[in-house]
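Notes to accompany the following structure.
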Amino acid sequence: MADIIQQLMVKAPVSRVFQAMSTPAGLDRWWTKTSSGTPEEGGEYSLFFGPDYDWRARVTKYRVNSAFELEITKAHPDWLGTRVGCELQEEASDRTSLRFYHLGWPDENEHWRVSCHCWALYLRIMRRNLEHGENVPYEQRLDV
133 MADIIQQLMV KAPVSRVFQA MSTPAGLDRW WTKTSSGTPE EGGEYSLFFG PDYDWRARVT
193 KYRVNSAFEL EITKAHPDWL GTRVGCELQE EASDRTSLRF YHLGWPDENE HWRVSCHCWA
253 LYLRIMRRNL EHGENVPYEQ RLDV
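For what it's worth, our numbering labels the leading residue of the sequence shown as 133, then goes sequentially.
Quick look at the structure:
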């Protein structure tokens, strides 16, 4: 098994970071093209990235302003059963420590290596959106 872990500081209140990481509207600003779902434990999410990438996930952890996790249930085979989530810690009223993870990859294959890079890019977009209000169109996100 292989994991991806990223740690970063976000200059935004923990409530805004949690919304960005856990709600469909938040995810659409930095990761998905469109998503829908219920942000509660046991909730189901639809994660749409394009016609060949219409994925599904189930919320396995939901602690307001603290932790959120999705188990991927329909996706590329390497992603099936993996868990994508975050743990948040308020450092100050306007600063949040974010520990992001993508756990349970079958091995450190090429797809895992590409995803390590892509997650870093996506998390940077999320941070720039929260800190500076920048909005990057979906089609341009991996060019940033």
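We put the CB at the ideal spot given by N, CA and C, even for glycine.
Tell me which residue opens and which closes the alpha helix (DSSP H) that residue i is part of.
| i | result |
| --- | --- |
| L255 | 242-264 |
Can you name, in chain order, every residue of its own chain whose Cβ lies under 7 Å from the Cβ of residue i, other than the five neighbours on each side?
| i | result |
| --- | --- |
| K143 | D226, R227, E263 |
| V149 | V142, L220, T228, L230, L262 |
Do residue i and residue j have their C-beta atoms within less than 9 Å of each other?
| i | j | result |
| --- | --- | --- |
| R190 | S178 | no |
Could you please give the first and the last residue of the uninterrupted beta strand (DSSP E) stretch that includes residue i?
| i | result |
| --- | --- |
| L140 | 134-142 |
So, for residue i: in the same chain, excluding its five sequence neighbours on each side, which residues have a beta-carbon less than 6 Å away from its beta-carbon?
| i | result |
| --- | --- |
| W211 | I204 |
Please list, in chain order, all residues of the same chain as residue i whose beta carbon is under 8 Å from its beta carbon, the five residues on each side excluded.
| i | result |
| --- | --- |
| Q139 | S229, L230, R231, F232 |
| G175 | G169, R190, V191, Y194 |
Kindly provide the ranges of any alpha helix (DSSP H) runs that are 4 or more residues long and lie completely inside the segment 149-230, ordered along the chain.
156-162
Would you be able to state if there are at least three C-beta pairs under 8 Å between the segment 228-245 and the segment 163-170?
no
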